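Q: Structure provided below as structure tokens; questions to follow.
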Amino acid sequence: MIRLLLAAALAMTMSLLGTRWLIAALHRRSVGQPIHEDLEAHQAKAGTPTMGGIAIVASAAMAYVISDLVLKLTERPGVFTYSGLITMGAIVAAGVVGFLDDWIKVTRERNLGLNKRMKIVGLLSVAIGWAVAMIVLTEQHTTLSFTRYDLPGWDLGRIGWCVFAVLLILAATNGVNLTDGMDG
157 MIRLLLAAAL AMTMSLLGTR WLIAALHRRS VGQPIHEDLE AHQAKAGTPT
207 MGGIAIVASA AMAYVISDLV LKLTERPGVF TYSGLITMGA IVAAGVVGFL
257 DDWIKVTRER NLGLNKRMKI VGLLSVAIGW AVAMIVLTEQ HTTLSFTRYD
307 LPGWDLGRIG WCVFAVLLIL AATNGVNLTD GMDG
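The structure is reproduced here in structure tokens:
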């Protein structure tokens, strides 16, 4: 628990500082999202720096590594775990999908990056890869419980758990993506 709290606090701090720095750097280089829609409200967003996810994903990855190193220095059990590495890999992979989407928008100077099908294929690949890796490489429990895994709950089985996890990841990532697109 200490490791998670330390990593979360570090990631939040680095993300807040890193995003501010990255937005300023992107703004200086005129790297912003083009707006080609007829909606007047969206025209005010033209040139808004994009690719802020770089700072967020990099902060999460660095915080994971730093928290592990700090715990090792304080002689607490801070060992990279399969589940932690698999999850960080999935976060970075989902970040790559977002980066490609933004990169296409910026380099082709158009409002549309990856098409919907490519985004869903990319995120679906990440989600399936994460779920399968968690089942195969870790001792992932497949019981759905709203309290703890070792209390009575609904055992989804390996395939059911993978399907549930993939749907949950797709819903969350698309919800964030849609919300981000709505506010700029």
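So the sequence shown is residues 157 to 340, counted in the working numbering. Beta carbons: idealized from backbone N, C-alpha and C, even for Gly. Quick caveat: nothing in here was measured; it's all calculated off a predicted structure.
Just the C-alpha distance for Trp286 and Thr243, rounded to the nearest angstrom, thanks.
A: Rounded to the nearest angstrom, the two C-alpha atoms are 7 Å apart.
Q: Can the beta-carbon of Asp257 be found closer than 7 Å to that of Gly240?
A: Contact: no.
Q: Would you give the residue range spanned by the alpha helix (DSSP H) that Ser239 belongs to?
A: That run of the alpha helix (DSSP H) goes 238–263.
Q: So for Thr298, helix, strand or coil by DSSP?
A: In this structure, Thr298 counts as coil in the three-state DSSP scheme.
Q: Quick one: give me the first and last residue of the alpha helix (DSSP H) that Met290 is part of.
A: Residues 272–293.
Q: Quick check on Leu256 - is its C-beta less than 7 Å from some C-beta in chain D?
A: This model lacks chain D altogether, as it is built from one protein chain only.
Q: Using a Cβ-Cβ cutoff of less than 7 Å, which residues in the same chain neighbour Ala163 once the five nearest sequence positions on both sides are dropped?
A: Cβ within range, chain order: Ala219, Tyr220, Ser223.
Q: Hey, out of Arg184, Glu265, Ser281, Leu300, whose CA is closest to Val248's CA?
A: The residue with the shortest Cα to Cα distance from Val248 is Ser281.
Q: Going by beta carbon distance, what residues of the same chain come within less than 6 Å of Gly278, once the five residues before and after it are set aside?
A: If we look at Gly278 and ignore the five residues flanking it on each side, its Cβ neighbours are Val253.
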